[in-house]
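Structure first, commentary second.
Okay, here's the thing in structure tokens:
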């Protein structure tokens, strides 16, 4: 009889353990106690970040995006929501990134001579040989998910225009880090309240970047390592052999292929980055301006126009009329005559600036 | 002693005609998939299926993984629920469970024998599907090793290792579902009730998983762990999601086994 009771208790314990385990799994991983680190001045930390040279590492990057961007077909990882990517680098320019997208995956490998880009969805490899420059740049897509590079750029561009402080410590990917905070100076007319960068206490390498906007407590966007192992990586990771069945193309061929079924956003993209973009202002409230050629404006098919209308708001003023597209961290104003201005600023700043676009 | 009981349990299960018919049905799946991909390939283009299906062409070693991954959503839970239903409810219906309960064997041992039968048969069924998948896949689609989702090509031996790992992971999910089904099975005399309850739960879980407004609920659903198992086909394998899915299934296994044990212990013979 007693034995029966014991077994009953054991079985009940099993059930309770299972339920407890389920709730434990469902709980988001806690940040844990912030580590205690020796004090460091903000100025020296910034210097160390800018001069640090991250060596070889591999890790998983989590991107938490609440920017309110529409999904872009080439970079599904940047659409709203949580995404993860795995990156490896040998510290000397060789690089590998694996960007999972649902059940498929995009892999980008830079083996020092060639950048390979593989997409499992269409079984296709894009092969870009580096011409003369011995150290090719990382592909933009891969760069956008590497918090270390992204943070360095932010610091470099904005340090003059920000109040810089060290606000305690944090634990990121199980490493102790300082929280470096860049707050735009009061004179900056920007949507951004502050940028928090978690800097590894040993390597001085940025581990996490969070962008906070005015009026919200939660970051609008976070890019950070959830797991990182520092040290030499398996050299095999930086090699790529196209699979036997895959179609291998070059970026040039791909571009001309895309040119045929030209998508409307290409015009805007080219206008913003291509032909002499004009910059107005400095620091956080820099505004980029450009003019879309008239023929590109008329090429927009009706259905794409409908999509554009869905995401934008019609506005008009002394400068003319157009459409404004707002996200939490940036605003884009497209005038009906093809002038475009964009920046991390409220729309009023864009209305004031657009008159200067040539 | 216990090994003899294990052996006789599996022999009993294999002797049921419906088990044999079920196994035969299972091996048809990889054959149909291989044949389908093969015929689709001969007329070139036309955009393949999404996800893993996109790399199946000319890549026969992926067929077993693709097959098991698809079957995990409905077919394999169904099979697990049938075996769990036969195990206790089926015996109760035939009146043979009474004999087992009054026999001088501990009821916990009886449960473990049933659980062992479920595990052995699940492993057998999953392995059978995988082996047929390898054969059909290589026969229809050919093979030069195994191409992963990351675009790397694994050797035949490495490919077999991945398939082996996937067999174990899928079997564990099946056993977890089966354990919960055994708990249901211990409460009723009607095997069909067990099957209906299990399958309804699995389908409802999958529907709930579609609503992003219920995302607080998703970590509790065993079906949430299924898609993450596809990480086996990435190179190198990220262990995070696979570990989470397996832990999730482990919790279900504990709950199912615990509830079934409590019910069996307190049951009047």
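Residue numbers (the UniProt record's numbering), protein chains in the order written: chain A, 1 to 358; chain B, 1 to 269.
Every residue, glycine too, gets a C-beta built ideally from N, C-alpha and C.
- For a cut-off of 8 Å, the C-beta gap from residue 154 of chain B to residue 145 of chain B is around 5 Å, short enough to register as a contact.
- Secondary structure in the UniProt domain "MucB/RseB N-terminal" (121-232) of chain A: the beta strand (DSSP E) runs of 3 residues or longer, each lying completely within the stretch, are 124-129, 162-172, 175-184, 192-200, 206-213 and 221-230 in chain order.
- Sequence-distant Cβ neighbours of residue 156 of chain B in its own chain, meaning closer than 7 Å and more than five residues away, are 145.
- In the DSSP secondary-structure assignment, residue 83 of chain A is bridged to A:63.
- In the structure shown, residue 52 of chain A falls within a coil segment according to DSSP collapsed to helix, strand and coil.
- Within the model, the alpha-carbon separation for residue 244 of chain B versus residue 189 of chain A is close to 45 Å.
- In the structure shown, residue 35 of chain A falls within a coil segment according to DSSP collapsed to helix, strand and coil.
- In the displayed model, residue 226 of chain B falls within coil according to three-state DSSP, outside both helix and strand.
- For residue 236 of chain A, no alpha helix (DSSP H) encloses it, and the DSSP letter there is neither H nor E.
- Restricting attention to alpha helix (DSSP H) runs no shorter than 4 residues, the segment 32-92 of chain B encloses them at 63-71 and 75-85, ordered along the chain.
- For residue 21 of chain A, no beta strand (DSSP E) encloses it; the enclosing alpha helix (DSSP H) starts and ends at 2-26.
- In the DSSP secondary-structure assignment, residue 313 of chain A is bridged to A:324.
- Per the coordinates, the alpha-carbon of residue 263 of chain B lies some 33 Å from the alpha-carbon of residue 70 of chain B.
- Annotated as proximal: residue 206 of chain B and residue 223 of chain B, with beta-carbon spacing under 8 Å.
- The alpha-carbon of residue 326 of chain A is positioned some 7 Å away from that of residue 312 of chain A.
- C-alpha of residue 342 of chain A to C-alpha of residue 330 of chain A: approximately 7 Å in a straight line.
- The Cβ of residue 30 of chain B sits no closer than 8 Å to any Cβ of chain A.
- In this structure, residue 250 of chain A sits near residue 127 of chain A, with a CB-CB distance shorter than 8 Å.
- In the DSSP assignment, residue 114 of chain B falls within the unbroken alpha helix (DSSP H) covering 107-141.
- Straight-line spacing of the CA atoms in residue 142 of chain B and residue 150 of chain B works out to 20 Å.
- Close partners of residue 150 of chain B in chain A (Cβ separation under 8 Å): 98, 105, 107, 118 and 120.
- For residue 343 of chain A, there is no enclosing alpha helix (DSSP H); the residue is found in the beta strand (DSSP E) stretching over 339-343.
- At a cut-off of 8 Å between beta-carbon atoms, residue 55 of chain B makes contact with chain A.
- No residue range can be given for residue 216 of chain B, since it is assigned to no beta strand (DSSP E) and is classified by DSSP as neither H nor E.
- Sequence-distant Cβ neighbours of residue 172 of chain A in its own chain, meaning closer than 7 Å and more than five residues away, are 198, 207, 208, 224 and 225.
- Contact of residue 4 of chain A with chain B is assigned, a C-beta pair being separated by under 8 Å.
- Nearest Cα to residue 68 of chain B within the set B:130, B:203 and B:227: B:130.
- Interface flag for residue 227 of chain B against chain A is set, since a Cβ pair is found closer than 8 Å.
- Going by beta carbons, residue 201 of chain A and residue 177 of chain A fall inside the 8 Å limit.
- Counting other Cβ atoms within 10 Å of its Cβ, residue 287 of chain A reaches 16 or more and is therefore classed as buried.
- Residue contact check for residue 89 of chain A against chain B: no CB pair falls below 8 Å.
- The C-alpha of residue 107 of chain A is placed about 6 Å away from the C-alpha of residue 117 of chain A.
- Scanning A:2, A:187 and A:181 for the CA closest to the CA of residue 155 of chain A turns up A:181.
- For residue 191 of chain B, the enclosing alpha helix (DSSP H) stretches over residues 191-208.
- In chain A, no part has a C-beta under 7 Å from the C-beta of residue 268 of chain B; the shortest such distance is about 13 Å.
- Assignment of beta-bridge partners to residue 105 of chain A by DSSP yields A:100.
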